[in-house]
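In the numbering used here, the protein residues as written are 2 to 120.
The C-beta atom is built at its ideal place from N, Cα and C for all residues, glycine as well.
Below is one structure, written out as structure tokens, with a few remarks after it.
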């Protein structure tokens, strides 16, 4: 069996859908004998995990599976190996860097909190 990294894409529609289009791109590990089986498994995950729920404003939110748009075979698990890369373009570099730093601080704080709970 082989490991594959699959990108599964969902469209997020809130209410009547009259808003900026939103898509969730998820990277998932899939174990399969070959690329065809990995694609089919990733597609099945995407279809199974579609969902609908009411948000806080009681508007229907729908996560609609779009498709599996990328599939990469992972040949070896090597410490520090690059699994995925994406170029992000933005009009405001400072805001983007600030967001990245806030996310990093949140991860660090959550990790510290989990460590303290173990003590």
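C-alpha gap between residue i and residue j, whole angstroms
| i | j | result |
| --- | --- | --- |
| residue 41 | residue 79 | 26 Å |
| residue 33 | residue 39 | 5 Å |
| residue 15 | residue 82 | 37 Å |
| residue 21 | residue 9 | 20 Å |
| residue 102 | residue 76 | 31 Å |
| residue 93 | residue 100 | 11 Å |
Residue i (DSSP reduced to helix, strand or coil)
| i | result |
| --- | --- |
| residue 43 | helix |
| residue 33 | strand |
| residue 102 | helix |
| residue 26 | strand |
For this session: Could you tell me whether the region 28-39 touches the region 49-63, where touching means 3 or more Cβ pairs closer than 8 Å?
Result: no
Exercise. Taking only runs of the beta strand (DSSP E) that begin and end inside the region 47-85, which ones reach a length of at least 3 residues, in chain order?
Worked result: 52-55 and 61-75
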